[in-house]
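Residue numbers (this note's numbering): 12 to 332. Ideal placement from N, C-alpha and C gives every residue a C-beta, glycine not left out.
Structure below.
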């Protein structure tokens with residue numbers, strides 16, 4: 012009897028030691044993980060969260076002493092200035108919103124159309140992907156800086172002034188028609204310039220759709236239009252949401268955006284850091300709210316499988332009816 016009790020006690024001790032050992036291993040793994048991400052956390056705190064806090068503090072105050080950086084509390088004075096006193100901020104802000112809400116749908120539609128066409132059984136798919144992605148690479152800061160430093164912009168302007176483009180033909184239709192054509196052409200070039208990432212994302216989503224879905228739909232008599240609306244768009248709806256959010260954020264944070272130039276001008280040229288911080292926070296809050304509203308509106312249209320939690324949409328049966 013005593014032997015059985017001793018054996019049971021030994022088994023309990025072994026189980027406890029194994030449990031303690033597993034807890035120790037788990038804790039050690041957590042500590043190792045924290046050590047590995049600690050450089051990122053330090054950088055996040057020093058170079059992102061702290062400047063973010065200081066900009067928020069500046070937006071509600073005024074610098075009273077540069078040495079020592081003392082800030083006096085002024086309440087919402089800088090924010091009221093943006094809406095009630097500054098005659099440039101609000102009209103410029105509304106114009107940026109108008110331009111973004113006009114260009115973003117066109118970028119999404121054009122990139123989706125190009126991705127669908129490239130995804131077809133055509134030769135040189137990789138070549139077309141590269142062609143449509145090159146403008147995005149050329150638009151990056153370092154590449155554009157190198158091009159401008161070599162005088163490429165001046166060469167292009169001189170080429171346009173060398174009578175290669177038949178301006179006489181365009182002038183025959185009148186200045187209004189010429190300006191309309193130039194504006195439409197310029198907008199089209201800008202939209203294509205900014206569609207590279209969206210095209211690649213749509214392509215990745217399209218290539219992830221199983222061909223068996225299309226084959227089953229064709230057997231049931233579905234048309235190309237029905238397959239587009241009932242298979243393609245639902246299956247790439249998460250990519251569609253990602254592209255919409257990316258396009259909105261990219262449009263509002265583009266360095267050619269006049270609002271950003273206006274904020275930078277007040278901060279670094281006029282040294283009105285407090286007012287620039289207030290405008291920046293207003294702009295930031297608007298972008299966050301717009302993204303959240305967009306995600307909320309798109310939530311019910313995102314395709315999820317029945318196995319996923321909260322999945323509301325299931326595969327549809329395709330028919331010609």
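Item to check | Span separating the alpha-carbon of residue 247 from that of residue 205 | outcome: Translated into the one-based positions of the chain shown, residue 247 becomes position 236. Translated into the one-based positions of the chain shown, residue 205 becomes position 194. If you take the alpha carbons of residue 247 and residue 205, they lie about 20 Å apart.
Item to check | Between the CA atoms of residue 303 and residue 115 - distance to the nearest angstrom | outcome: On the chain shown, position 104 is the one that residue 115 refers to. On the chain shown, position 292 is the one that residue 303 refers to. Straight-line Cα distance between these residues: approximately 16 Å.
Checklist entry - Does DSSP put residue 287 in a helix, a strand or coil? => result By one-based count along the chain shown, residue 287 stands at place 276. In the three-state DSSP reduction, residue 287 falls in the helix class (H, G or I).
Next on the checklist: DSSP three-state label for residue 76, please.
Outcome noted: As a first step, residue 76 is located in the chain shown; it is residue number 65 there, counting from the start. Correct three-state label for residue 76: strand.
Item to check | Range covered by the alpha helix (DSSP H) that runs through residue 84 | outcome: Indexing the chain shown from 1 puts residue 84 at position 73. It is not in any alpha helix (DSSP H) - residue 84 instead sits in the beta strand (DSSP E) that spans 81-84.
Checklist entry - Which residues in the same chain have their Cβ closer than 7 Å to the Cβ of residue 287, if we skip the five residues on either side of it in sequence? => result As a position in the chain shown, residue 287 is number 276, starting the count at 1. Apart from the 5 residues on each side of it in sequence, residue 287 sits with its Cβ closer than 7 Å to the Cβ of 274, 277, 278 in its chain, given in chain order.
Checklist entry - Whose C-alpha, out of 264, 112, 200, is nearest the C-alpha of residue 305? => result Stepping through the chain shown from its first residue, residue 305 is reached at position 294. Answer by Cα proximity: 112.
Checklist entry - Could you give the distance in angstroms between the alpha-carbon of residue 296 and the alpha-carbon of residue 289? => result Taking the first residue of the chain shown as 1, we reach residue 296 at position 285. Taking the first residue of the chain shown as 1, we reach residue 289 at position 278. The alpha-carbon of residue 296 is positioned some 11 Å away from that of residue 289.
Checklist entry - Should residue 174 be labelled buried (16 or more other beta-carbon atoms within 10 Å of its own) or exposed? => result On the chain shown, position 163 is the one that residue 174 refers to. Because residue 174 sits at a pLDDT of 49, beneath the cut-off of 50, its placement in the model cannot be relied upon, and the point is left open.
Checklist entry - Does the region 254-273 touch the region 228-240, meaning 3 or more C-beta pairs lie closer than 8 Å? => result The answer is no - the region 254-273 does not touch the region 228-240, with fewer than three Cβ pairs under 8 Å.
Next on the checklist: Helix, strand or coil, according to DSSP, for residue 266 in the structure here?
Outcome noted: Here residue 266 refers to the residue found at position 255 of the chain shown. Coil, per DSSP.
Next on the checklist: Taking a contact to mean a Cβ-Cβ separation below 8 Å, would you say residue 107 touches residue 269 in this structure?
Outcome noted: Sequence index remark: in the chain shown, residue 107 carries index 96 (1-based). Sequence index remark: in the chain shown, residue 269 carries index 258 (1-based). Using a Cβ distance threshold of 8 Å, residue 107 and residue 269 count as a contacting pair.
Checklist entry - From 65, 212, 243, pick the residue whose C-alpha is nearest to that of residue 226; which is it? => result Walking along the chain shown from the start, residue 226 turns up at place 215. That would be 243, whose Cα lies nearest to the Cα of residue 226.
Checklist entry - residue 282 and residue 209: beta carbons closer than 8 Å? => result Residue 282 sits at position 271 when you count from the first residue of the chain shown. Residue 209 sits at position 198 when you count from the first residue of the chain shown. Going by C-beta atoms, residue 282 is not nearer than 8 Å to residue 209.
Checklist entry - What first and last residue would you give for the alpha helix (DSSP H) that runs through residue 110? => result For the purposes of this step, residue 110 is taken as the residue at position 99 of the chain shown. In the DSSP annotation of this structure, the continuous segment of the alpha helix (DSSP H) that includes residue 110 starts and ends at 100-129.
Checklist entry - Which residue comes first and which comes last in the alpha helix (DSSP H) that contains residue 89? => result Position 78 of the chain shown, counted from the first residue, corresponds to residue 89. Judged by DSSP secondary structure, residue 89 falls within the alpha helix (DSSP H) whose first and last residues are 88-91.
Item to check | Continuous alpha helix (DSSP H) stretch holding residue 218: start and end | outcome: On the chain shown, position 207 is the one that residue 218 refers to. 207-218 is the extent of the alpha helix (DSSP H) around residue 218.
Checklist entry - Within 10 angstroms of its Cβ, does residue 125 collect 16 or more other Cβ (buried), or is it exposed? => result Position 114 of the chain shown, counting from 1, holds the residue named residue 125. Residue 125 should be labelled buried.
Checklist entry - How long is the line joining the alpha carbons of residue 122 and residue 198, rounded to whole angstroms? => result As a first step, residue 122 is located in the chain shown; it is residue number 111 there, counting from the start. As a first step, residue 198 is located in the chain shown; it is residue number 187 there, counting from the start. Near 14 Å, if we compare the C-alpha coordinates of residue 198 and residue 122.
Item to check | Proximity winner among 214, 212, 238, relative to residue 223 (alpha-carbon distances) | outcome: The residue you call residue 223 lines up with position 212 of the chain shown. Check the Cα spacing between residue 223 and each of 214, 212, 238: the tightest is with 238.
Next on the checklist: If you follow the alpha helix (DSSP H) that residue 240 is in, where does it begin and where does it stop?
Outcome noted: Looking up residue 240 in the chain shown gives position 229. First-last for residue 240: undefined, no H or E at that position.
Checklist entry - Exposed or buried, residue 320, counting other C-beta atoms within 10 Å across all chains shown (16 or more means buried)? => result Numbered from its first residue, the chain shown carries residue 320 at position 309. Residue placement at residue 320 is poorly supported in this model, since its pLDDT is 45, which falls under 50; the coordinates are not used for a value here.
Next on the checklist: Just to confirm before moving on: does the CB-CB distance between residue 83 and residue 73 stay below 8 Å?
Outcome noted: Indexing the chain shown from 1 puts residue 83 at position 72. Indexing the chain shown from 1 puts residue 73 at position 62. The answer is yes: Cβ separation under 8 Å.
Checklist entry - So, using beta-carbon positions, are residue 212 and residue 253 closer together than 8 Å? => result Within the chain shown, the letter at position 201 stands for residue 212. Within the chain shown, the letter at position 242 stands for residue 253. It is a contact, given that the beta carbons lie within the stated cut-off.
Checklist entry - How close, in whole Å, do the beta carbons of residue 260 and residue 298 come, if the pair is a contact with beta carbons under 8 Å? => result Taking the first residue of the chain shown as 1, we reach residue 260 at position 249. Taking the first residue of the chain shown as 1, we reach residue 298 at position 287. Between the beta-carbon of residue 260 and that of residue 298 there is about 7 Å, and that keeps the pair under the 8 Å contact cut.
Checklist entry - Hey, quick one: how far does the alpha helix (DSSP H) through residue 64 stretch, first residue to last? => result Numbered from its first residue, the chain shown carries residue 64 at position 53. Where residue 64 is concerned, the enclosing alpha helix (DSSP H) stretches over 61-70.
Item to check | Whole-angstrom distance between residue 70 and residue 292, CA atom to CA atom | outcome: Taking the first residue of the chain shown as 1, we reach residue 292 at position 281. Taking the first residue of the chain shown as 1, we reach residue 70 at position 59. Using only the alpha carbons, I get a separation of about 8 Å.
Item to check | Contact check, residue 217 vs residue 130, beta carbons under 8 Å | outcome: Indexing the chain shown from 1 puts residue 217 at position 206. Indexing the chain shown from 1 puts residue 130 at position 119. The criterion of a C-beta distance shorter than 8 Å is satisfied by residue 217 and residue 130.
Next on the checklist: Do residue 202 and residue 313 count as a contact pair if the criterion is CB distance below 8 Å?
Outcome noted: Taking the first residue of the chain shown as position 1, residue 313 is located at position 302. Taking the first residue of the chain shown as position 1, residue 202 is located at position 191. The answer is no: Cβ separation not under 8 Å.
Checklist entry - Since residue 221 is in the alpha helix (DSSP H), which residue starts that stretch and which ends it? => result Here residue 221 corresponds to residue number 210 of the chain shown, with the count starting at 1. For residue 221, there is no enclosing alpha helix (DSSP H), as DSSP marks it with neither H nor E.
Checklist entry - Roughly how many whole angstroms lie between the Cα atoms of residue 63 and residue 120? => result In the chain shown, residue 63 corresponds to position 52, counting from 1. In the chain shown, residue 120 corresponds to position 109, counting from 1. In this model, residue 63 and residue 120 are separated by some 35 Å (Cα to Cα).
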